[in-house]
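K.L.:
Numbering (the numbering used here), first residue to last: 156 to 778.
First, the structure itself, so that you have it in front of you.
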Amino acid sequence: MANGLEKITEKDFAGYLFVYFTGNDIKEEAIRYAVSYDGYNYYSLNGNNPVISSAEISSTGGVRDPHILRGHDGKTFYMVVTDMVSAKGWDSNRAMILLKSDDLVNWKHTVINIQQRYKGHEDLKRVWAPQTIYDEEAGKYMIYWSMQHGSGPDIIYYAYANDDFNDLLGEPKPLFIPENKTSCIDGDIVYKDGTYYLFYKTEGHGNGIKVATTKSLTSGVWEEKPDYKQQTKDAVEGSCTFKLIGQDKYILMYDVYMRGKYQFTETTDFENFKVVDQDISMDFHPRHGTVMPVTREEMKRLFDKWGKPAGLGELSLNPVLPGFHADPEIMYSNKTGKYYIYSTTDGQPGWGGWYFTAYSSDNLEEWKYEGVILDLKSDQVQWADGNAWAPCIEEVKVKDGYKYYFYYSGNPKNGGGKEIGVAIADNPTGPFKDLGKSIISESPVGGGQQIDVDVFADPVSGKSYIYWGNGYMAGAELKKDMVSLKKKSITVMTPEGGTLQDYAYREAPYVFYRNGLYYFMWSVDDTGSANYHVAYGTSDSPLGKIKVAADPIVTIQNPEKEIYGPAHNSVICKPGTDEWYIVYHRINKYYIDGEKAPGIHREVCIDKMEFNEDGTIKRVQLN
């Protein structure tokens, strides 16, 4: 969840919003919402009552055929609807309504009456089922809809919207006319692999849903597919096509209006469609609508406004950050009273991220993007230029306030293996000034990478300690300057023994203190493995020796919940409480397949961490 966030990726979607109307009575001709976590089972919001007043936004008193679109910027929403009351006749409407929102709750609207707006439409009979798509070639939002003039056929027209999405630019022009020059309505355009697919309903010549394709929306060059795509003999209209989150499957759904229900079909190629009605449920009866994926923050906003439907189940807060991130470090700042997460920026081949970001939160739930705080490819860092991995940060009280020491590993410009550096700031989000050189460049065991740094302030002695190591765990006391190691204190403290199924040490040491014990946590197996997990032990000293716990596993995969590789963690205790949370990354469930290079599409999660009465850590129930 984030505000002012980085670009939304598909993995950030937590479910689906279904926007629809319900019937031909004026009380039913209004915009309604329903939500789903899986794209198959939908629950109405607001008790299936309207979420926007038709009387306030329309010129007729009713609206139909709502189409919703997430904007090209990822955070603006556009909706277009037919301005119509069917009781006045199917040839009674001349207008559509354009709506725009940045939160899915509050909408600005404009009525566009085609007959009044443009000359030459004196014989216009109806304006039906508008939809919107972003035209990459034009760099604008195209609105397309069907119109009938006089005794002619219904034709799909288009016009571009202005930047404010409250007017049309230029005259409406024909977008698609079938080769047989007969009517077509209810256009729905989907862009996939360089091709635009137009699903449309034919009328008067074997009613049903057909598809035409083009490489350029306004070229006028369309290839019409000969077969009908609906998988029923009943009359249908109002098709909507949407992609299932994280899958290669699409749903083609359409309104079987004579039977008062929808039919859902699955496809991967837009050629072959399989009915999946047995998997579908709705606690309402929709008419012509559309489905759009939404993020956790957006879903929560809908719940906050209209309540969470009974039976829907709980909305998981994980992952808590948008995009791909790994190796999270969490800190509570006494200066600001906020929590901060710093992480490896993920998603690049070869773990090749080169910058670090920060997110802040008041409550460990909603996270605000604070921007890039350290960029290894900029002049900000002189000694390293890439592979910015696994940071940690320490807040230190000084005479005139606080200092923030941000530790990380990077690739040195002069070659060689990974080294650990540090940057310093007066605030948790910077600006950070790098020390200008690494502070750890050599392995104390003669091998393994100098990565996965952690710094721990011992509340007992007041001293600070630094830990690091891949293939080994090393620790050392830091001098008061927080950037120099006391060389004689360097200790190799790798937990001994274990297997990949329990506690064999690999990397990512993390240390915290509770009730007289020093807790040491580390990650087992490879970061690309579904088996990547957290183990722990304890000690009576910040530099060991570590006693591995009898039941050492803290986090581990749960395939039933599609949770894989949950490890490389930090922990946080809410100030003034004994309430603990573990912050970790896991492999995004859609990238667990070996062909998709698991280990570079990781996401940051937070779960509660609890202790037994004897101080041992309970295995975390991951969500």
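Note that CB positions come from ideal geometry on N, CA and C, so glycine has one too.
The model shown is predicted, which means the values in this text are computed figures rather than measured ones.
Tell me which same chain residues have a C-beta within less than 7 Å of the C-beta of T350, skipping the five on either side of it?
P.N.:
T368 and K370
K.L.:
Under 8 Å, do K573 and N566 count as touching if we go by C-beta distance?
P.N.:
yes
K.L.:
Quick check for students: name the residue ranges of the alpha helix (DSSP H) that lie wholly in the stretch 195-277, counting only runs of 4 or more.
P.N.:
209-212 and 269-272
K.L.:
Quick test of your reading: M447 and R225, contact by CB under 8 Å. State the CB separation rounded to the nearest angstrom.
P.N.:
6 Å
K.L.:
Per DSSP, S593 is paired with what?
P.N.:
Answer is none; S593 lacks a bridge partner.
K.L.:
Under three-state DSSP, which class holds L160?
P.N.:
Residue placement at L160 cannot be trusted, given a pLDDT of 45 that sits under 50; the coordinates are not used to answer.
K.L.:
Do you know offhand how far K729's Cα is from G462's?
P.N.:
28 Å
K.L.:
In this structure, does DSSP put F587 in helix, strand or coil?
P.N.:
coil
K.L.:
With 16 other CB atoms within 10 Å as the buried threshold, where does T512 fall?
P.N.:
With 16 or more other Cβ atoms within 10 Å, it is buried.
K.L.:
Which of the three DSSP states is assigned to E574 in this structure?
P.N.:
strand
K.L.:
Mind pulling the beta strand (DSSP E) runs of 3 or more residues that sit fully within the stretch 636-698?
P.N.:
Runs found: 662-669, 672-679 and 688-694.
K.L.:
Within 10 angstroms of the Cβ of P477, are there 16 or more other Cβ atoms? Answer buried if so, exposed if not.
P.N.:
buried
K.L.:
Within a Cβ cutoff of 7 Å, which residues of the same chain sit near F168, ignoring the five residues on either side of it in sequence?
P.N.:
I400, P448, V449 and T450
K.L.:
Taking A543 as the reference, give the member of V527, V430, A316 and P327 with the closest Cα.
P.N.:
V527
K.L.:
Since V608 and I575 are thought to touch, with beta carbons under 8 Å apart, how far apart are those beta carbons, to the nearest angstrom?
P.N.:
5 Å
K.L.:
Would you tell me roughly how many angstroms separate the C-alpha atoms of S619 and G699, rounded to the nearest one?
P.N.:
14 Å
K.L.:
Just the C-alpha distance for N329 and N362, rounded to the nearest angstrom, thanks.
P.N.:
Sequence check: residue 329 is Pro here, not Asn. Approximately 21 Å between the Cα atoms of the pair.
K.L.:
Under the three-state reduction of DSSP, which class applies to E765: helix, strand or coil?
P.N.:
coil
K.L.:
Considering D459, what are the terminal residues of the alpha helix (DSSP H) in which it resides?
P.N.:
That run of the alpha helix (DSSP H) goes R451 to W461.
K.L.:
Quick check on DSSP: helix, strand or coil for Y412?
P.N.:
coil
K.L.:
Alpha carbon to alpha carbon, how far is G507 from G541?
P.N.:
The alpha-carbon atoms of G507 and G541 are separated by roughly 7 Å.
K.L.:
Taking the continuous beta strand (DSSP E) assigned at E326, which residues delimit it?
P.N.:
L323 to F331
K.L.:
Closest to Q286 by C-alpha separation, out of E183, Y346, D258 and D341, would be which residue?
P.N.:
D341
K.L.:
Looking at the secondary structure, which residues open and close the beta strand (DSSP E) in which Q781 lies?
P.N.:
Past the edges of the chain, shown from 156 to 778, lies residue 781, and the structure says nothing about it.
K.L.:
Quick one, which of I267, E426, T373 and N686 has its alpha-carbon nearest Q385's?
P.N.:
E426
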